[in-house]
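Colleague:
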Ligand code: ADE
Ligand code: ZN
């Protein structure tokens, strides 16, 4: 299956660019920018990545982002991720970024978005990888702060496909951000939100009803509400599932217990994604391999994760048709 997965064209829909900061690049940037970090080797950084829940990860993750100061740093970060995409046959990616993690440290919004966008543009021409950018609001901060960030983003609206919601889910339900999401929809932006990762199934319902999301990030706790599971299957509301992330953050005890295959077989539009690959032990292929290693899945079912991702993506119908053909042609030769 490894060879089949490697060559399978893949689409990533849940990827935090700050979560692709590998320890080696963290060290390089710390040195280049003369930023102190509380580790002496990249090995020591890797050993610190033992998480008990989402918050224990976020504390270390936000600290790691402190080495990102200049436009070139954001370019280098994004370009390194796109190299992984290229090596792993990821043909399209929809990337999250968290402007507040940077603007709160005095980094201009423009520095962040221009560095990331320049790398995406270069990947389009040099690597043939297409992409979209989704700006996330940090849900542990206030809605006023999110609105201020949204206003800073407006001059760059053409570079952004949608807005999302991430960070600590417990105690910060989707409805806290109803107003800023309505503002985003009024500007013609699409919306997504992390919901039902650590928080209850109820958060998935409010993300859909109050925030008007086009897909739900994670959403794995939907199984706690049978009616919701039926509704997600009937409406084909996509869930961007992140298998290795869920194990690292103890959402499931092990991969055998993960519900992604069960949800696939129930007809939900579930997809496989890497979330924060530098922190959770792997990029797209590693996530596919982890699921394929723990669950009974044939080639058609594995390819269905990509077909679902194409259906759930923010690209045009023509682009969707072309990518679907690529996957079906690959499947025909791989049998
Ligand atoms: N930010 C980065 N990764 C995240 C995750 N898995 N959940 C919530 N916020 C995040
Ligand atoms: Zn995430």
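In the UniProt record's numbering, the protein residues as written are 1 to 335.
The C-beta atom is built at its ideal place from N, Cα and C for all residues, glycine as well.
1. Looking at ligand 2, does it come within less than 8 Å of residue 137, judged from the CB to the closest heavy atom?
2. Under the three-state reduction of DSSP, which class applies to residue 295: helix, strand or coil?
3. Checking 9 Å against the spacing of the C-beta atoms, do residue 95 and residue 78 come in under that value?
4. Any idea if residue 40 is buried or exposed, counting beta-carbon neighbours within 10 angstroms, 16 or more meaning buried?
5. Relative to the C-alpha of residue 324, which residue among 5, 2, 10, 6 is closest?
6. Provide the residue(s) that pair with residue 131 in DSSP beta bridges, ordered along the chain.
7. Within a Cβ cutoff of 8 Å, which residues of the same chain sit near residue 183, ignoring the five residues on either side of it in sequence?
8. Any residue with its C-beta under 6 Å from a non-hydrogen atom of ligand 3 counts. Can you list them all in chain order?
9. Is residue 171 near residue 192, with beta carbons less than 9 Å apart?
10. Given that a residue counts as buried once 16 or more other Cβ atoms are within 10 Å of its Cβ, and exposed if not, what is residue 293?
11. Given that a residue counts as buried once 16 or more other Cβ atoms are within 10 Å of its Cβ, and exposed if not, what is residue 197?
12. So, at 6 Å on beta carbons, what are the nonlocal neighbours of residue 102 in its own chain, with the 5 sequence-adjacent residues on each side left out?
13. Within its chain, find whatever has a CB closer than 7 Å to the CB of residue 24; leave out the 5 residues flanking it on each side and keep chain order.
14. Reducing DSSP to helix, strand and coil, say where residue 271 ends up.
15. Rounded to a whole number of angstroms, what is the C-alpha to C-alpha distance between residue 128 and residue 315?
16. Determine which residues share a DSSP beta bridge with residue 195 and list them.
17. Would you kindly check if the distance between the Cβ of residue 224 and the Cβ of residue 243 is under 9 Å?
18. Does the beta carbon of residue 210 fall short of 8 Å from some heavy atom of ligand 1?
19. Extract the residue ranges of the beta strand (DSSP E) inside the region 30-110, only unbroken runs of 3 or more that lie entirely within it.
20. Residue 138 by DSSP, collapsed to three states: which one?
21. What three-state label does DSSP hand residue 247 in the structure shown?
22. Assuming residue 285 and residue 5 form a contact by the criterion Cβ under 8 Å, report the distance between their Cβ atoms to the nearest whole angstrom.
23. What would DSSP say about residue 316, mapped onto helix, strand or coil?
24. Specify the secondary structure class of residue 321 as computed by DSSP and reduced to three states.
25. Distance, Cα to Cα, residue 123 vs residue 116?
26. Which term fits residue 106, buried or exposed, when burial requires 16 or more other beta carbons within 10 angstroms of its beta carbon?
27. When you compare each of 44, 189, 179 to residue 144 by their alpha carbons, which one comes out closest?
28. Report the CB separation of residue 181 from residue 152 in whole angstroms; it is logged as a contact under 8 Å.
29. What span of residues does the alpha helix (DSSP H) with residue 145 cover, start to end?
30. Starting from residue 205, trace the alpha helix (DSSP H) both ways and give me its first and last residue.
31. Please classify residue 139: is it buried, with 16 or more other beta-carbons within 10 angstroms of its beta-carbon, or exposed?
Modeller: Per the coordinate set shown:
1. no
2. coil
3. yes
4. exposed
5. 10
6. 93
7. 147, 150
8. Ligand 3 is absent from the structure shown, which contains only ligand 1 and ligand 2.
9. no
10. Residue 293 should be labelled exposed.
11. Of the residues assessed, residue 197 falls on the buried side of the cut-off, its CB having 16 or more other CB atoms within 10 angstroms.
12. Answer for residue 102: 112, listed in chain order.
13. 42
14. strand
15. 15 Å
16. 218
17. no
18. no
19. 90-97
20. strand
21. Helix.
22. Correct: roughly 6 Å between the Cβ atoms.
23. The answer is coil: DSSP assigns residue 316 none of H, G, I, E or B.
24. The answer is helix: DSSP assigns residue 321 an H, G or I state.
25. Going from the Cα of residue 123 to the Cα of residue 116 covers about 11 Å.
26. Result: exposed.
27. 179
28. Rounded, the Cβ-Cβ distance is 17 Å, inconsistent with contact.
29. Taken as a continuous stretch (DSSP letters only), the alpha helix (DSSP H) holding residue 145 covers 143-153.
30. 201-211
31. buried
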